[in-house]
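K.L.:
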Amino acid sequence: MTRAEIAAQAMAKLEAEQKSKKKEKKAVEVSGGNEYIGVLAENENRADTISGSGVDDAIAALTIATSGAGSSGDGKKVNLKAAFAAFEEREIVRLKEENPGLKLSQYKERAFKAWEKSPENPANAAVDLS
Numbered sequence: 001m002t003r004a005e006i007a008a009q010a011m012a013k014l015e016a017e018q019k020s021k022k023k024e025k026k027a028v029e030v031s032g033g034n035e036y037i038g039v040l041a042e043n044e045n046r047a048d049t050i051s052g053s054g055v056d057d058a059i060a061a062l063t064i065a066t067s068g069a070g071s072s073g074d075g076k077k078v079n080l081k082a083a084f085a086a087f088e089e090r091e092i093v094r095l096k097e098e099n100p101g102l103k104l105s106q107y108k109e110r111a112f113k114a115w116e117k118s119p120e121n122p123a124n125a126a127v128d129l130s
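Numbering-wise (full-length UniProt numbering), the sequence shown opens with residue 1 and increments by one.
(1) Note down the Cα distance separating K26 from K13, rounded to an integer number of angstroms.
(2) Does the beta-carbon distance from Y107 to K117 come in below 8 angstroms?
(3) Using only the alpha-carbon positions, how far apart do S20 and A61 sit?
(4) CA-CA distance, Q9 and V30?
(5) How far does the alpha helix (DSSP H) with E120 in it reach, from first residue to last?
(6) First and last residue of the alpha helix (DSSP H) that includes L95?
(7) Would E91 and A111 be called neighbours here (beta carbons separated by less than 8 angstroms)?
(8) Ordered along the chain, which non-local residues of its own chain (more than five positions away) have a Cβ less than 7 angstroms from that of E15?
As structure tokens, this is what we get:
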């Protein structure tokens, strides 16, 4: 192969690359996009927004939205903090009757230990392995 043939092949290859780049640019322009960010599309982040003006409307909208949502395996969704708070309230009253004179932190520690073993704790629910 001569130098002239090698140069001709290199020029042909360069021209082909330039043509393909022009085609890509035209395709991007036709689609309305940008070569760096791609095709522009509508922002869908707020497509499923919940709107409520005022506190009462917002609470009502959230209640409606959360009542239909959330499907775990058994269909129940438990708020662990609320369940523990209710259990702790009842347990502290019982502990104060049984052990008067303890500090509040001691009552809370004992209530938490009882919560860890309690059947009311969702973490202690029986696991179905079938």
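Each residue gets a CB set at the ideal place from its N, CA and C atoms; glycine is no exception.
P.N.:
Per the coordinate set shown:
(1) If you take the alpha carbons of K26 and K13, they lie about 20 angstroms apart.
(2) Taking 8 angstroms as the Cβ cut-off, Y107 and K117 do not qualify as a contacting pair.
(3) For S20 and A61, the distance between alpha carbons rounds to 53 angstroms.
(4) When rounded, the distance between both Cα atoms is 32 angstroms.
(5) Unbroken run through E120: none, as it is neither H nor E.
(6) Segment 80-98, the alpha helix (DSSP H) holding L95.
(7) In this structure, A111 lies closer than 8 angstroms to E91 by Cβ.
(8) Around E15: no qualifying Cβ.
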